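Those letters in the sequence shown? Residues 266 to 592, by the numbering used here. Note that beta-carbon positions come from the ideal geometry of N, C-alpha and C, so glycine has one too. Source: prediction; values computed, not measured.
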Amino acid sequence: MNTTTDTQTQTTRPSELRFDWQDSEIEALFTQPFAELMFAAQTVHRQYFNPNEVQVSTLLSIKTGKCSEDCSYCPQSVRYDTQVESEALLPLDEVISAAKAAKASGASRFCMGAAWRRPKDKDLDKVIDMVIAVKKEGMESCLTLGMLTEEQTTRLKDAGLDYYNHNLDSSPEYYKEIITTRTYQDRLDTLEHVRKAGINVCCGGILGMGESRADRIGLFRELANQNPHPESVPINMLVRVEGTPLEAVDDFDPFEFIRSIAIARILMPTSHVRLSAGREEMSDEMQALCFLAGANSIFYGEKLLTTPNPAANHDMELFRKLGVQTV
Ligand code: SAM
Ligand code: DTB
Ligand code: SF4
Numbered sequence: 266m267n268t269t270t271d272t273q274t275q276t277t278r279p280s281e282l283r284f285d286w287q288d289s290e291i292e293a294l295f296t297q298p299f300a301e302l303m304f305a306a307q308t309v310h311r312q313y314f315n316p317n318e319v320q321v322s323t324l325l326s327i328k329t330g331k332c333s334e335d336c337s338y339c340p341q342s343v344r345y346d347t348q349v350e351s352e353a354l355l356p357l358d359e360v361i362s363a364a365k366a367a368k369a370s371g372a373s374r375f376c377m378g379a380a381w382r383r384p385k386d387k388d389l390d391k392v393i394d395m396v397i398a399v400k401k402e403g404m405e406s407c408l409t410l411g412m413l414t415e416e417q418t419t420r421l422k423d424a425g426l427d428y429y430n431h432n433l434d435s436s437p438e439y440y441k442e443i444i445t446t447r448t449y450q451d452r453l454d455t456l457e458h459v460r461k462a463g464i465n466v467c468c469g470g471i472l473g474m475g476e477s478r479a480d481r482i483g484l485f486r487e488l489a490n491q492n493p494h495p496e497s498v499p500i501n502m503l504v505r506v507e508g509t510p511l512e513a514v515d516d517f518d519p520f521e522f523i524r525s526i527a528i529a530r531i532l533m534p535t536s537h538v539r540l541s542a543g544r545e546e547m548s549d550e551m552q553a554l555c556f557l558a559g560a561n562s563i564f565y566g567e568k569l570l571t572t573p574n575p576a577a578n579h580d581m582e583l584f585r586k587l588g589v590q591t592v
């Protein structure tokens with residue numbers, strides 16, 4: 266562990282940020298007894314964050330379905346026969362109403378997602394108006410639109426965009442089993458453009474897609490060896506949607522998920538770790554363990570992009586029981 270405790274003075278020095286994590290070190294974290302891992306994660310978490318605060322973001326799908334990509338987990342791919350109703354890019358007024366509602370229910374960030382491989386410049390003009398409108402409502406803005414060019418990231422930065430979400434999804438090896446229409450390197454290139462433009466990076470992955478622990482280690486190595494670390498790290502548990510190639514993948518072990526959250530916290534001590542998709546299938550107790558493991562952000566509101574999320578009042582009740590404040 267890279268947390269150093271001076272037993273004589275009982276002071277703990279903040280863990281240093283590292284960008285050179287080796288698979289064997291991450292594996293050693295995974296195989297620690299649960300109590301040791303949780304203690305290490307909590308120790309790191311308390312060095313940088315108030316453990317009683319959770320950031321809340323609300324999602325809105327601004328363009329739904331008919332996506333050309335073949336991401337095996339995704340209900341919005343045109344290649345799979347799912348129940349998703351496609352919808353063209355939403356008009357600005359609908360986005361503004363949704364942002365106002367999200368703010369009124371307590372969200373501090375509004376994330377807009379589009380089922381695109383990459384945005385066309387004429388679509389980006391409209392999305393930029395949405396970013397400006399969300400900022401006007403006094404919320405942080407986040408977008409996830411697929412791949413971006415350097416020029417597009419500069420335009421988004423100029424519009425005031427706070428965060429861009431672009432996930433690595435899995436290890437470089439397992440990624441190839443999940444998506445064939447764009448490469449891991451394509452994703453790294455977009456992330457580099459986002460970073461260079463000065464937009465905060467939101468980058469994470471999905472667990473429970475049938476990957477091995479070695480693949481989870483590979484994902485965390487790729488995430489944690491980005492310098493700087495992504496400011497926000499969404500950890501999604503696969504939402505198995507009927508009609509997608511991953512509809513019948515086995516249940517994911519809750520303890521492996523909680524361990525993964527703890528490891529994300531230890532590897533990226535100053536990042537917000539978001540307990541993202543999949544909360545509908547998690548008990549309150551499992552979510553509480555995820556918060557204890559260092560998760561400090563959630564997607565909040567009854568829908569993710571196309572699939573259900575716990576009701577806002579249920580989340581607020583859970584936070585009340587845990588003495589957690591939302592920020
Ligand atoms: N189309 C853009 C892209 O893929 O870059 C942006 C939207 S896409 C839906 C955003 C992310 O949602 C994906 O990268 C993936 O990590 C996550 N996601 C999509 N479907 C999911 C599912 N069924 N379960 C968990 N996460 C999912
Ligand atoms: C992320 O990592 N998870 C969110 C957000 N970024 C865009 C999306 C989850 C999508 C779950 C499936 C759906 O609702 O369509
Ligand atoms: Fe398209 Fe994004 Fe879904 Fe992949 S994850 S199919 S790119 S909407």
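Restricting attention to beta strand (DSSP E) runs no shorter than 3 residues, the stretch 368–396 encloses them at 374–379, ordered along the chain. With a threshold of 16 other beta carbon atoms within 10 Å, N430 meets it and is buried.
Annotation: A293 to F485 spans about 13 Å, alpha carbon to alpha carbon. DSSP, read as helix, strand or coil, puts R311 in helix. In this structure, DSSP gives I444 a state outside helix and strand, which the three-state scheme calls coil.
Non-local C-beta neighbours of P510 in its own chain, meaning closer than 6 Å and more than five positions away in sequence, comprise S337, ordered along the chain.
Within the stretch 290–349, the alpha helix (DSSP H) runs of at least 4 residues that lie entirely inside it are, in chain order, 299–313. Of the heavy atoms belonging to the ligand SAM, none sits nearer than 6 Å to the Cβ of Y345. In this structure the stretch 373–385 lies against the stretch 315–334, because at least three pairs of beta carbons, one per stretch, are closer than 8 Å. For R539, the enclosing beta strand (DSSP E) starts and ends at 537–540. The continuous stretches of alpha helix (DSSP H) do not include Y565, and DSSP gives it neither H nor E. The beta carbon of S525 is closer than 7 Å to those of L472, R481, I500 in its chain, skipping five residues each way along the sequence. Within the DSSP bridge table, the entry for C467 names N430, S497 as partners.
Looking at the DSSP output, L408 shares a beta bridge with M377, Y429. Cβ contact annotation for R478 (same chain, cutoff 8 Å, sequence separation greater than five): E292, F295, E521, in chain order. Between S436 and S370, the alpha-carbon positions lie close to 36 Å from each other. Not one heavy atom of the ligand DTB sits closer than 6 Å to the Cβ of N561. The beta carbon of L503 sits closer than 8 Å to the beta carbons of Y338, I471, L472, G473, M474, L511, V514, F517, A542, G543 from its chain, once the five residues preceding and following it are set aside; these are given in chain order. Inclusion of D427 and E405 in the CB contact set at 7 Å is warranted, their separation being smaller than that value. Spatial neighbours of R460 in its own chain (CB-CB distance under 7 Å, excluding positions within 5 residues in sequence) are listed in chain order as V466.
Around the beta-carbon of V396, 16 or more other beta-carbon atoms lie within 10 Å, marking it buried.
Within the same chain, and ignoring the five residues on either side of K391 in sequence, the residues whose Cβ sits closer than 7 Å to its Cβ are L354. Following the DSSP letters along the chain, one finds R283 in no alpha helix (DSSP H), marked with neither H nor E. Less than 7 Å separates the beta-carbon of Y439 from that of E476. The three-state secondary structure of P575, taken from DSSP, is coil. About 6 Å separates the CB atoms of R530 and V309; that is less than 8 Å, so the two are in contact. Checking the 6 Å criterion, the Cβ of V504 is within range of a heavy atom belonging to the ligand SAM.
One residue list follows from the rule of a beta carbon closer than 5 Å to any heavy atom of the ligand SF4, given in chain order as C332, E334, C336, C339, Q341, S342, A380. For D423, the enclosing alpha helix (DSSP H) has its first and last residue at 415–424. Residue state for Q590 is assigned as strand, using DSSP reduced to three classes. Secondary structure note for V459: its alpha helix (DSSP H) is the uninterrupted segment 449–462.
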